[in-house]
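One structure below.
Protein chains: 2
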Amino acid sequence: MAMCLATRASSGAATTLHYKWVVENIFWSPDGQQNMVMAINGGFPGPNITAKVGDTVEVELSNNLNTEGVVIHWHGIRQFTTPWYDGTASVSQCVINPGQTFLYKFKVDKAGTYFYHGHYGMQREAGLYGSLIVEEGDQGQKEPFQYDGEFSLLLSDWWHQTVYQQEVGLSSDPFQWINEPQSLLINGRGQYNCSLASRYNSSAALPECSLGGGEQWAPNVLKVLPNKTYRLRIASTTSLASLNLAIGGHNVTVVEADGNYVQPFSTTDVDIYSGETYSVLFTTNQNPDENYWISVGVRGRLPQTPQALALVNYLPNHASKFPTSPPPVTPQWDDYNRSKAFSNRIQGLEGTTPPPPADYDRRIMLLNTQNTIDGLTVWAINNVSLSFPPTPYLGALKYGIKAAFDQTPPPDTFPDCRYDIMSPPANPNATTGNAIYTLDFNSTVDVILQNANTLQPNDSEIHPWHMHGHNFWVLGYGDGKFQRGDEKLFEKAGRRPPLKNTAVIFPFGWTALRFVADNPGAWPFHCHIEPHLHMGMGVVIAEGVEFLADVPRETLSCGLTGMMFSGNGEEGHN
Amino acid sequence: MAMCLATRASSGAATTLHYKWVVENIFWSPDGQQNMVMAINGGFPGPNITAKVGDTVEVELSNNLNTEGVVIHWHGIRQFTTPWYDGTASVSQCVINPGQTFLYKFKVDKAGTYFYHGHYGMQREAGLYGSLIVEEGDQGQKEPFQYDGEFSLLLSDWWHQTVYQQEVGLSSDPFQWINEPQSLLINGRGQYNCSLASRYNSSAALPECSLGGGEQWAPNVLKVLPNKTYRLRIASTTSLASLNLAIGGHNVTVVEADGNYVQPFSTTDVDIYSGETYSVLFTTNQNPDENYWISVGVRGRLPQTPQALALVNYLPNHASKFPTSPPPVTPQWDDYNRSKAFSNRIQGLEGTTPPPPADYDRRIMLLNTQNTIDGLTVWAINNVSLSFPPTPYLGALKYGIKAAFDQTPPPDTFPDCRYDIMSPPANPNATTGNAIYTLDFNSTVDVILQNANTLQPNDSEIHPWHMHGHNFWVLGYGDGKFQRGDEKLFEKAGRRPPLKNTAVIFPFGWTALRFVADNPGAWPFHCHIEPHLHMGMGVVIAEGVEFLADVPRETLSCGLTGMMFSGNGEEGHN
Numbered sequence: 001m002a003m004c005l006a007t008r009a010s011s012g013a014a015t016t017l018h019y020k021w022v023v024e025n026i027f028w029s030p031d032g033q034q035n036m037v038m039a040i041n042g043g044f045p046g047p048n049i050t051a052k053v054g055d056t057v058e059v060e061l062s063n064n065l066n067t068e069g070v071v072i073h074w075h076g077i078r079q080f081t082t083p084w085y086d087g088t089a090s091v092s093q094c095v096i097n098p099g100q101t102f103l104y105k106f107k108v109d110k111a112g113t114y115f116y117h118g119h120y121g122m123q124r125e126a127g128l129y130g131s132l133i134v135e136e137g138d139q140g141q142k143e144p145f146q147y148d149g150e151f152s153l154l155l156s157d158w159w160h161q162t163v164y165q166q167e168v169g170l171s172s173d174p175f176q177w178i179n180e181p182q183s184l185l186i187n188g189r190g191q192y193n194c195s196l197a198s199r200y201n202s203s204a205a206l207p208e209c210s211l212g213g214g215e216q217w218a219p220n221v222l223k224v225l226p227n228k229t230y231r232l233r234i235a236s237t238t239s240l241a242s243l244n245l246a247i248g249g250h251n252v253t254v255v256e257a258d259g260n261y262v263q264p265f266s267t268t269d270v271d272i273y274s275g276e277t278y279s280v281l282f283t284t285n286q287n288p289d290e291n292y293w294i295s296v297g298v299r300g301r302l303p304q305t306p307q308a309l310a311l312v313n314y315l316p317n318h319a320s321k322f323p324t325s326p327p328p329v330t331p332q333w334d335d336y337n338r339s340k341a342f343s344n345r346i347q348g349l350e351g352t353t354p355p356p357p358a359d360y361d362r363r364i365m366l367l368n369t370q371n372t373i374d375g376l377t378v379w380a381i382n383n384v385s386l387s388f389p390p391t392p393y394l395g396a397l398k399y400g401i402k403a404a405f406d407q408t409p410p411p412d413t414f415p416d417c418r419y420d421i422m423s424p425p426a427n428p429n430a431t432t433g434n435a436i437y438t439l440d441f442n443s444t445v446d447v448i449l450q451n452a453n454t455l456q457p458n459d460s461e462i463h464p465w466h467m468h469g470h471n472f473w474v475l476g477y478g479d480g481k482f483q484r485g486d487e488k489l490f491e492k493a494g495r496r497p498p499l500k501n502t503a504v505i506f507p508f509g510w511t512a513l514r515f516v517a518d519n520p521g522a523w524p525f526h527c528h529i530e531p532h533l534h535m536g537m538g539v540v541i542a543e544g545v546e547f548l549a550d551v552p553r554e555t556l557s558c559g560l561t562g563m564m565f566s567g568n569g570e571e572g573h574n
Numbered sequence: 001m002a003m004c005l006a007t008r009a010s011s012g013a014a015t016t017l018h019y020k021w022v023v024e025n026i027f028w029s030p031d032g033q034q035n036m037v038m039a040i041n042g043g044f045p046g047p048n049i050t051a052k053v054g055d056t057v058e059v060e061l062s063n064n065l066n067t068e069g070v071v072i073h074w075h076g077i078r079q080f081t082t083p084w085y086d087g088t089a090s091v092s093q094c095v096i097n098p099g100q101t102f103l104y105k106f107k108v109d110k111a112g113t114y115f116y117h118g119h120y121g122m123q124r125e126a127g128l129y130g131s132l133i134v135e136e137g138d139q140g141q142k143e144p145f146q147y148d149g150e151f152s153l154l155l156s157d158w159w160h161q162t163v164y165q166q167e168v169g170l171s172s173d174p175f176q177w178i179n180e181p182q183s184l185l186i187n188g189r190g191q192y193n194c195s196l197a198s199r200y201n202s203s204a205a206l207p208e209c210s211l212g213g214g215e216q217w218a219p220n221v222l223k224v225l226p227n228k229t230y231r232l233r234i235a236s237t238t239s240l241a242s243l244n245l246a247i248g249g250h251n252v253t254v255v256e257a258d259g260n261y262v263q264p265f266s267t268t269d270v271d272i273y274s275g276e277t278y279s280v281l282f283t284t285n286q287n288p289d290e291n292y293w294i295s296v297g298v299r300g301r302l303p304q305t306p307q308a309l310a311l312v313n314y315l316p317n318h319a320s321k322f323p324t325s326p327p328p329v330t331p332q333w334d335d336y337n338r339s340k341a342f343s344n345r346i347q348g349l350e351g352t353t354p355p356p357p358a359d360y361d362r363r364i365m366l367l368n369t370q371n372t373i374d375g376l377t378v379w380a381i382n383n384v385s386l387s388f389p390p391t392p393y394l395g396a397l398k399y400g401i402k403a404a405f406d407q408t409p410p411p412d413t414f415p416d417c418r419y420d421i422m423s424p425p426a427n428p429n430a431t432t433g434n435a436i437y438t439l440d441f442n443s444t445v446d447v448i449l450q451n452a453n454t455l456q457p458n459d460s461e462i463h464p465w466h467m468h469g470h471n472f473w474v475l476g477y478g479d480g481k482f483q484r485g486d487e488k489l490f491e492k493a494g495r496r497p498p499l500k501n502t503a504v505i506f507p508f509g510w511t512a513l514r515f516v517a518d519n520p521g522a523w524p525f526h527c528h529i530e531p532h533l534h535m536g537m538g539v540v541i542a543e544g545v546e547f548l549a550d551v552p553r554e555t556l557s558c559g560l561t562g563m564m565f566s567g568n569g570e571e572g573h574n
């Protein structure tokens, strides 16, 4: 992984980490095949950021792309009082144009495992991502567990077709889906058209990889000592794949999810949906003469992509010592009961996770459907497919530029309460829209994410929904259509709802969330599968913008806000 | 070719043509292989514009790309009094961001054959181009020749690798050249991996194309009647290839070059460099029972691309009647004496082309060299490789924003007057720069474009230089290094220098141009080979900006001009 040297400037307790990054496309071999990658400072993935609670992170981002704008979103960071640095095009800021530099500056106020990524078009899938770790500060809260060392595993999926071509396919009639990824990557490293594990299988379809260890696509090696406890910080920035991670011969204990401590539990493997992060502990209590595989495989879609592998190297064994045991087998992709059981084991940790407010002020039902508009395939929420406007919402809201987006609020519930979620939509037509949900400041909001059948009979997909600017409590998961009375399912015996920023809806199911609208700003809430968001699968919420200081002008240089300072607002076009 | 219906609004003699265009990437098969193409209104090439002298052309351009800005340059249109609508990123305007619409509005004041194309990154090569024809008006000047019908042939070259990948290769160490095109296209149509002409050659390497006629890559058919005279309007928007066009069995008479009438002359074939346009007349005086091939082949580089073909279909023959004679053979690619002889035949037409001013006020020598900067291969002019700034020059000049670009003028002559143009540079290092040549308004300027050896021994390439905003007189071409006294070569017996906007420099040679700096604005002057410009092969000139009205604000929304109206100029970054 590319190294990054930050300038660290401390004054008293406050530390500022200052990074200078240049974004550009480069050639790289994430999986042994050279492809174009959207890189930072000439490497892939982007540099690691490791900060402490209370630090200020400054990233001076220069766009060295040729014709594309760029932004970077700090996934999981709430950006309290700095919503303009959330890094989402059309929402928090105007994109940074080629040749320009933009300064992100925000405080990291909560320890946890996070990551960052492009949030414009499909630049995340193009390779624009990296790790962001926030450690507990020297004062203040202590972590409710102990370990001897840690590793960061940033998981992603990789395609050989450029995202430019994929975007055209998604907007074509007939629709051209991006299909399954060619490779899964661990810290940007995977293997295509060869396997590290074929020697366990004499009838393996792929030849064994020939690797010296210095290749860009050589697997990660985690060097450990026997009888120690290690923390794995796992983050999934996949564009599509739902994943499962396991370590051969070792159980793991889940201790953190999405930057929130959870009630520890032991498991053989961990499900990770795109946008989620987990910390797990594992103890090196196995035969110290052996090395072991970490395997990452696909769940929730019929896998057409081989497992990604990394090596747990018990020192002083050499890293080239091949594990005796094959990599763990990924659970059956469509064993959703197993997936649901895992998700239901995630509970808030008492003492660190407060319980949710007892009741809600507003409930918003969000029906997830696949639809068609003018012959194109889209995703829609309550029959509206989100189309991002050229003027960012935050500036438009702050300065009352009503022409920037549709002022009629989107629906708070299904277009038809009798909607049959078990069948393809009776009327597949949806509309395009860019209206937003305006929430009362500090109100408690429930969201019921309702899954449904796609345009194909007997088909419903996984959607991991990610909310910017907030953590939400996951009240519960259910099957079928959410019904009056299903609230009782929220209160399973003794279950404490976890706080998360990403939660999955299972096929033909629903997921209930609760959050407090306490962060002034405008925030996307969307399916974290990148082509799904590109096809309109998201909403935007806003609250308390009136309590914000002036929005920095360098975030407002486009669209109608770009015309604002010239007193010439009528000249903008939508 | 895609059709375009303009709204035509006349008031008295003045007509306004109004077009609504949407730019987006689509899948298309320019040569039988489906690829991504940057298209306008869903077709490729872009719509034809046909206007009359005195018309106002309005193009309402919407950017429907996902993450890229866009601009369109109206190649050959002088944009007198409207330099902000010249459509060059970093020079005349800020790019149009995704989701935004920009109105180009300009008068076409000179009859001729023109075209339009993207002028940002390598969006021209990506497919963003089309024809622009200006006919003589109903009053005023009459064309100095007659014909019965006309056809437009827009010539281009086509690659299967995306321009995004090509751009990365050009900026990589080791350098990755784009190599020769896969296909040549006539009006966006070519044939890859098959040949229309293989039946003439029993040992042909390519199989015969199987075409029904309705394919996107089916050749153009020019339907003609016997014993008539037709005008072919030929424009080359190639990214790389120098071309030669011939019609089987027919001579042609050259009558127009780059929108200027020329002394007519008859020839078997026409050389066309990228950025040039020609009109030729041909008479259908051959055996009317036959059809004939138009062939377009590569000159000036070792050809690795098959000829492009179109069909001259003598009615009432069926278009499927295969020509008895094979397509004309393109002259030997490196027969530069033949090329120079052709270029020297282009003379201004008395009565339409004034002679150049007798003397110049300023002479600028521009040495064209290939260099390296920080391990990257570049092209440099007087040792400076042009790097476009994020703030467009025009607004920066008009409003005196000196921080927008380097204020030290670039050199008016070679870095070393003893420079040996016949050898690779003794010191291959150059510098990157963005300073401009500021010309006295209405002064007469001579430019000597001096070619040189590249980084490879015994190698010098063709470079067609195109000037925005002006026509120049081509005073002459010479071999070797321009010497004191070579001015006498300008005055060959009886030769009247032609007016053009694009002129080639031959390998190891020089080309002398003269123009009057009479068009207030900032104007690129550059090699029209797109990867060469991308690698820095150009300069920017400016004159008379003080005489301009206010620059339209919608062209100023980026960089330091974007900050200007907020009184916050210090916040911009370069």
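Those sequence lines, one after another, are chains V and L. Positions 1 to 574 (full-length UniProt numbering) are the ones given, in order, by the first sequence. Positions 1 to 574 (full-length UniProt numbering) are the ones given, in order, by the second sequence. Beta carbons are placed, not taken as given, at the ideal position from N, Cα and C, and that holds for glycine. A quick note: this is a predicted structure, and the numbers were derived from the prediction, not measured.
With a CB to CB cut of under 7 Å and the five nearest residues on each side skipped, what residues in its chain are close to residue 340 of chain V?
477 and 506
Grab the span of the alpha helix (DSSP H) containing residue 531 of chain V for me, first residue to last.
530 to 534
To which residues of the same chain is residue 237 of chain L closer than 6 Å at the C-beta, ignoring the five residues directly before and after it?
115, 117, 129 and 156
Beta-carbon contacts of residue 574 of chain V that lie in its chain and below 6 Å, excluding the five residues immediately before and after
Note on residue 574 of chain V: pLDDT 33, under 50, position unreliable in the model; no value is reported.
Opposing strand residues paired with residue 381 of chain L [DSSP bridges]
L:368 and L:384
Let me make sure I understand the geometry here. Which of L:248, L:272 and L:47 has the alpha-carbon closest to that of residue 21 of chain L?
L:47
Does the distance from the C-beta atom of residue 464 of chain V to that of residue 276 of chain V stay below 8 Å?
yes
Beta-carbon proximity of residue 410 of chain L to residue 224 of chain L, cut-off 8 Å
no
Check whether the Cβ of residue 67 of chain V sits closer than 7 Å to any heavy atom of the ligand GTP, and report yes or no.
Ligands are entirely absent from the displayed structure, and the ligand GTP is therefore not among its contents.
Quick one: does residue 67 of chain L have its CB under 8 Å from some CB of chain V?
yes
Under 8 Å by beta carbon: chain V residues contacting residue 26 of chain L
168 and 172
Taking only beta-carbon atoms, is residue 527 of chain L less than 8 Å away from chain V?
no
Of all the CB atoms in chain B, is at least one closer than 8 Å to the CB of residue 45 of chain L?
You won't find chain B in this structure, because its protein chains are V and L.
Would you mind telling me which residues of chain V sit closer than 7 Å to residue 36 of chain L, beta carbon to beta carbon, in chain order?
164, 165 and 168
On the three-state DSSP scale, how would you describe residue 305 of chain L?
coil
In the DSSP assignment, what are the bridge partners of residue 244 of chain V?
V:271 and V:297
Classify residue 282 of chain L as helix, strand or coil using the three-state DSSP reduction.
strand
Simplified DSSP state of residue 543 of chain L, which is helix, strand or coil
strand
According to DSSP, is residue 500 of chain V part of a helix, a strand, or is it coil?
strand
Between residue 305 of chain V and residue 184 of chain V, is the Cβ-Cβ spacing less than 8 Å?
yes
Which chain L residues are close to residue 201 of chain V, counting only those with a beta carbon under 8 Å from its beta carbon?
Here the premise fails: no neighbours, minimum Cβ distance about 35 Å.
Using a Cβ-Cβ cut-off of 8 Å, state whether residue 325 of chain V counts as contacting chain L.
no
Could you compute how far the alpha carbon of residue 159 of chain V sits from the alpha carbon of residue 256 of chain V?
30 Å
Buried versus exposed, by CB contacts within 10 Å (16 or more), residue 7 of chain L:
exposed
Please state the DSSP three-state secondary structure of residue 231 of chain V.
strand
Residue from V:27, V:52, V:363 and V:127 whose Cα sits closest to the Cα of residue 77 of chain V
V:52
Leaving out five residues on either side along the sequence, give the residues of the same chain with a beta carbon under 7 Å from the beta carbon of residue 570 of chain V.
For residue 570 of chain V, the predicted structure reports a pLDDT of 36, less than 50, and the residue's modelled location is therefore unreliable. A value from the coordinates is still provided. No residues qualify anywhere along the chain.
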